[in-house]
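Chemist: Just dropping this structure here.
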Amino acid sequence: MMDPLLLIGAITVGGVLIGGGVHFIPVGGAPAAIATATGVGTGTAMLAAGGGMTGLITAAALTGQPLWLILAGGAVGSSIMLGITMLVGNLVYVWGVGCVPASAKIEFDPITKYEQSKFVTPGTEGHGIPTVCFVSGIIGGALGGIGGGLIYWALYQGLSTLPGYQASISAVSGVSIGAATVAAIFAVGIFFVNAVIASYNIGGTIEGFHDPKFKRLPRGALACIVASFATGLIAILLLNGGVF
Amino acid sequence: MDPYITGLGIVALMGAAATIAGAAEDLESDTGSMSNPNSQVQLAPQMGNLHRIFNKAISGEPVQMGTLAGIAGSVAFVLIGSVHLPVIMSIAAGGFIAALFHTAFATTSYLGRITGQSQFHQPVFLDVITSHLGPIAGHGFIVTFSIVGLSYLMTLPVTGFNHPFPLPLLAVLWGITIGAIGSSTGDVHYGGEREYQTYPFGGGIPVRIHGDITTMAELGARNSLDVVHFCAKYGGPVTGFCFGTIVFFSFWTTVVFGAAGGIVASLVIILAIIIINNRIEVFARDRYGPYLE
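First to last, the protein sequences are chains C and S. Here the first sequence is numbered in our numbering, starting from 10 and rising by one per residue. Here the second sequence is numbered in our numbering, starting from 17 and rising by one per residue.
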């Protein structure tokens, strides 16, 4: 039987990592989808969820391995998804729309020192994904993947020892299919909760760690701690079959 | 057979299925005007631009695709496990049931969205529904078939695969992922270029022209089939490339380098795509130049 405090702790830390990670991911929402704002042209929670799901799949593929491998698997899976998506997004911005990746919120890219304002189409807030946003997105993806992997690992460890879930242990891999499934569904739920909280905190769009909105991170992290703690308590119910 | 070779074959098949799924997903969202660019289709009648473009963006693309792939995956799972139908037939049947749901969803959302704009004199075109439903359901079927197919491949009892998640859950997770990817990549081609084709190529869309979308086609009024005809030449294929590459790299690294080696290989890939992205940025800056001197 897993220590309930360890489970709550893992879910809380995982939730904060997810919520914090979302603040790093450059999303511009609908304006970015028509090249009016910098970042990836979709919603915050949706892009973070897409990256998180890939991280969860790659982390779960390592079920039964040491914790660090599961967390690393989640981090790289999520980062690869976000990295390739941002890269192909830029392919469309550069060759499909014909604009230069540039941000109107900063004068110079903090990483490459490239000047930004001259390359921004007049009347827009920038377009595409410049290097600083790209690197920020990779960091955000890694944090989200680690958070999702941690929650999945904790729930799987807790559930797989229960007699009901041991009945579904696969003869080939030795993994409890039932425990993995319930842990994944719960992890997806917690992922969406924290991604949406972070999305509210940044008002739907953010360019990454250089964006002035990034200063709201402590407030968002606090909200994620509270929400994840509450979902951690519900996870205890899950382990105990509905009773505390 | 050597499990290593089998594993590589499965990864290649998964990548191919994902590429097809990605391309079809983006084209489905263009046919139905599904994602973020639809904000402009929604805005157009208020700006006096009446149109014949389809409109079904009542949910996020990832949520829609997660639901459709989940339906297809669940039906296929039952048909394989309980009815013992052949796998391909089961997946096709799952995709068919999802397509039925998809057409009902598309019809009601089009009617609901467009009639909501009657105060701006936007008419409902019944021929738009009848002409668009087929391509929407068809593209959706290709997506769900490919997603459930690659999810099934992941659950095969082969070293490096044998994923602990059951088929329906994997289908939902990949469905959410492909929706996020299609919404982030190919849809920009629709929103940033095809919707504003009357304006000169080579720049973002200024706020002052928002809602002034192109409503006339090469011949007559433009509909979403004209949109997809254009986006199939660039937005769709690059979306397929994106999803195919993600699925391929997610598993190729562990199949070839093992669990720990795969993490290192993935880090190298991440570093490489940061550099490639920077090269693309530099290319665009050098080739296109600044707007203001």
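Glycine residues also receive a C-beta, built at the ideal position from the N, C-alpha and C atoms.
To the nearest angstrom, how far is it from the Cα of residue 73 (chain S) to the Cα of residue 51 (chain C)?
Modeler: When rounded, the distance between both Cα atoms is 13 Å.
Chemist: Is there contact here, the stretch 168-184 of chain C with the stretch 38-58 of chain C, by at least three beta-carbon pairs under 8 Å?
Modeler: The stretch 168-184 of chain C is not in contact with the stretch 38-58 of chain C.
Chemist: Hey, does residue 74 (chain C) have any beta-carbon neighbour from chain S nearer than 9 Å?
Modeler: Residue 74 (chain C) counts as touching chain S.
Chemist: Verify whether the separation of the beta carbon atoms of residue 170 (chain C) and residue 11 (chain C) is less than 9 Å.
Modeler: The answer is yes: Cβ separation under 9 Å.
Chemist: Do we get a CB-CB distance below 9 Å when we pair residue 176 (chain C) with the residues of chain S?
Modeler: Not an interface residue.
Chemist: In this structure, how does DSSP classify residue 112 (chain C) when only helix, strand and coil are distinguished?
Modeler: Residue 112 (chain C): strand per DSSP, three-state reduction.
Chemist: With a threshold of 9 Å between beta-carbons, can residue 143 (chain C) be considered close to chain S, or not?
Modeler: Answer yes: the Cβ-Cβ gap between residue 143 (chain C) and chain S drops below 9 Å somewhere.
Chemist: Taking C-beta pairs closer than 9 Å, name the residues in chain S that residue 50 (chain C) reaches, listed in chain order.
Modeler: Under the 9 Å cutoff, chain S gives 51, 52, 53, 199, 200, 201, 203, 204, 207, 208.
Chemist: So, is residue 117 (chain C) buried or exposed, given that buried needs 16 or more other C-beta atoms within 10 angstroms?
Modeler: With fewer than 16 other Cβ atoms within 10 Å, it is exposed.
Chemist: Just checking: is the beta-carbon of residue 102 (chain C) within a distance shorter than 9 Å of some beta-carbon in chain S?
Modeler: Answer yes: the Cβ-Cβ gap between residue 102 (chain C) and chain S drops below 9 Å somewhere.
Chemist: When the Cα of residue 287 (chain S) is compared with those of C:134, C:108, C:143, which residue comes out closest?
Modeler: Residue 287 (chain S) has its Cα closest to that of C:143, out of C:134, C:108, C:143.
Chemist: Rounded to whole angstroms, what is the Cα-Cα separation between residue 189 (chain S) and residue 192 (chain C)?
Modeler: If I take the Cα positions, the gap works out to 13 Å.
Chemist: Is the CB-CB distance between residue 191 (chain S) and residue 152 (chain S) below 9 Å?
Modeler: For residue 191 (chain S) and residue 152 (chain S), no; Cβs fall outside 9 Å.
Chemist: Report the residue ranges of all alpha helix (DSSP H) runs contained in full by the stretch 242-270 of chain S; include only those spanning at least 4 residues, in chain order.
Modeler: Whole alpha helix (DSSP H) segments, 4+ residues: zero.
Chemist: Since residue 71 (chain S) meets chain C, which of its residues come closer than 9 Å, beta carbon to beta carbon?
Modeler: Going along chain C, no residue has its Cβ under 9 Å from residue 71 (chain S), so there is no contact; the nearest lies around 14 Å.
Chemist: Less than 8 Å between C-beta atoms, sequence neighbours within five positions excluded: which residues of the same chain meet that for residue 68 (chain C)?
Modeler: Correct list, in chain order: 79, 80, 82, 83, 86, 154, 157, 158, 161, 162.
Chemist: For the stretch 210-226 of chain C, list every residue whose C-beta sits within 8 Å of some C-beta in chain S, in sequence order.
Modeler: Residues passing the 8 Å Cβ filter: none.
Chemist: From what residue to what residue does the alpha helix (DSSP H) around residue 104 (chain C) run?
Modeler: Residue 104 (chain C) -> no alpha helix (DSSP H), and no H or E assigned at all.
Chemist: Going by DSSP, what residue range makes up the alpha helix (DSSP H) through residue 213 (chain S)?
Modeler: It is not in any alpha helix (DSSP H) - residue 213 (chain S) carries neither H nor E in the DSSP assignment.
Chemist: Can you find a CB in chain C that lies within less than 9 Å of the CB of residue 117 (chain S)?
Modeler: Chain C, which has no Cβ nearer than 9 Å to the Cβ of residue 117 (chain S), makes this no.
Chemist: Find out if the Cβ-Cβ distance for the pair residue 258 (chain S), residue 97 (chain C) is shorter than 9 Å.
Modeler: Against a cut-off of 9 Å, the Cβ pair of residue 97 (chain C) and residue 258 (chain S) comes out as a contact.
Chemist: Rounded to whole angstroms, what is the Cα-Cα separation between residue 301 (chain S) and residue 109 (chain C)?
Modeler: Their Cα atoms are separated by approximately 6 Å.
Chemist: I'd like to know if residue 56 (chain S) contacts chain C, where contact means its C-beta is closer than 9 Å to some C-beta of that chain.
Modeler: Answer yes: the Cβ-Cβ gap between residue 56 (chain S) and chain C drops below 9 Å somewhere.
Chemist: Helix, strand or coil: which one does DSSP assign to residue 135 (chain C)?
Modeler: DSSP places residue 135 (chain C) in strand when its eight states are reduced to three.
Chemist: Would you kindly work out how many angstroms separate the C-alpha atoms of residue 169 (chain S) and residue 194 (chain S), rounded to a whole number?
Modeler: Taking the straight line joining both Cα atoms gives about 17 Å.
Chemist: On a Cα-Cα basis, can you pick out the residue from S:205, S:159, S:119, S:171 that is closest to residue 105 (chain C)?
Modeler: It is S:205 whose Cα lies nearest to the Cα of residue 105 (chain C).
Chemist: Count Cβ pairs between the stretch 66-82 of chain S and the stretch 45-52 of chain S that sit closer than 8 Å; are there 3 or more?
Modeler: Verdict: yes, contact present.
Chemist: Considering only residues of the stretch 170-240 of chain S, which uninterrupted alpha helix (DSSP H) runs meet the minimum length of 4 residues and lie entirely inside it, listed in chain order?
Modeler: Entirely contained in the stretch 170-240 of chain S, the alpha helix (DSSP H) runs reaching 4 residues are, in chain order, 183-200.
Chemist: Between the alpha carbons of residue 196 (chain C) and residue 34 (chain C), how many angstroms are there, rounded?
Modeler: Taking the straight line joining both Cα atoms gives about 20 Å.
Chemist: Thinking C-alpha only, which one of C:165, C:37, C:62 is nearest residue 151 (chain C)?
Modeler: Here the closest residue by C-alpha is C:62.
Chemist: Identify each residue in the stretch 101-122 of chain C for which the Cβ-Cβ distance to at least one residue of chain S is less than 8 Å, and report them in chain order.
Modeler: Of all residues in the stretch 101-122 of chain C, 101, 102, 103, 104, 105, 106, 107, 108, 109, 110, 121 have a Cβ within less than 8 Å of some Cβ in chain S.
Chemist: Quick one: what does DSSP say residue 184 (chain C) is sitting in, helix, strand or coil?
Modeler: Residue 184 (chain C): coil per DSSP, three-state reduction.
Chemist: Whose CA, out of C:30, C:41, C:40, lies closest to the CA of residue 58 (chain C)?
Modeler: Minimum Cα distance to residue 58 (chain C) is reached at C:30.
Chemist: Out of curiosity, what's the CA-to-CA distance linking residue 115 (chain S) and residue 156 (chain S)?
Modeler: Distance between the alpha carbons of residue 115 (chain S) and residue 156 (chain S) is about 6 Å.
Chemist: Which runs of the alpha helix (DSSP H) at least 4 residues long sit entirely within the stretch 141-205 of chain C? Give them in chain order.
Modeler: The qualifying runs are 172-175.
Chemist: Looking only at DSSP bridge pairs, what is residue 215 (chain C) linked to?
Modeler: Answer is C:36, bridged to residue 215 (chain C).
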